[in-house]
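Enquirer:
Residue numbers (my numbering): 503 to 619.
1) Once DSSP output is grouped into helix, strand and coil, what is the label at residue 507?
2) Reducing DSSP to helix, strand and coil, say where residue 611 ends up.
3) By how many angstroms is the C-alpha of residue 567 removed from the C-alpha of residue 561?
4) What distance in whole Å lies between the Cβ atoms of residue 595 and residue 494, which are believed to be in contact at a cut-off of 8 Å?
5) Taking the C-alpha atoms as reference points, what is the distance between residue 515 and residue 529?
6) Rounded to a whole number of angstroms, what is the C-alpha to C-alpha distance between residue 602 and residue 565?
7) Would you kindly check if the distance between the Cβ of residue 610 and the Cβ of residue 558 is under 8 Å?
8) Since residue 583 and residue 598 are thought to touch, with beta carbons under 8 Å apart, how far apart are those beta carbons, to the nearest angstrom?
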């Protein structure tokens with residue numbers, strides 16, 4: 503318990519010290535409305551500078567990341583399992599794959615994987 507407290511307090515003190523150093527040594531920037539507006543060769547901008555964000559692409563990217571992390575977690579399963587527990591490891595791996603496939607079919611049926619409406 504004492505070692506955990508020492509590490510926690512050391513990391514907290516170190517974080518505060520680094521934050522204070524960056525606060526005192528950083529350059530002060532004052533926000534100005536004119537400087538924050540987009541500049542188009544001296545003319546007023548025709549359209550908004552913000553690009554429209556595709557929510558479908560964001561959802562597809564998040565699904566890719568979720569399934570990618572799950573596959574990365576599944577790959578070293580064969581290396582970790584010893585020969586004495588290979589049946590329970592296989593059951594665990596198959597159960598994990600079933601969860602992945604059920605999630606994939608759910609997203610497919612929901613229409614989240616369709617790029618075009």
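All residues carry an ideal CB built from backbone N, CA and C; glycine is no exception.
Just so it is clear, the structure is predicted and the values come from calculations on it, not from any experiment.
Expert: Judging by the given coordinates:
1) For the purposes of this step, residue 507 is taken as residue 5 along the chain shown, with counting starting at 1. Residue 507: helix per DSSP, three-state reduction.
2) Position 109 of the chain shown, counting from 1, holds the residue named residue 611. Residue 611 falls in the helix class under three-state DSSP.
3) Along the chain shown, read from residue 1 onward, the residue named residue 561 stands at position 59. Along the chain shown, read from residue 1 onward, the residue named residue 567 stands at position 65. Residue 561 and residue 567: Cα-Cα distance of roughly 10 Å.
4) Past the edges of the chain, shown from 503 to 619, lies residue 494, and the structure says nothing about it.
5) Translated into positions along the chain shown, residue 515 becomes position 13. Translated into positions along the chain shown, residue 529 becomes position 27. Going by the C-alpha atoms only, they are around 23 Å apart.
6) In the chain shown, counting from the first residue as 1, residue 602 sits at position 100. In the chain shown, counting from the first residue as 1, residue 565 sits at position 63. In a straight line, the C-alpha of residue 602 is about 11 Å away from that of residue 565.
7) Taking the first residue of the chain shown as 1, we reach residue 558 at position 56. Taking the first residue of the chain shown as 1, we reach residue 610 at position 108. Going by C-beta atoms, residue 558 is not nearer than 8 Å to residue 610.
8) Here residue 583 refers to the residue found at position 81 of the chain shown. Here residue 598 refers to the residue found at position 96 of the chain shown. Not quite, the Cβ-Cβ distance comes to about 13 Å (not below 8 Å), so this is no contact.
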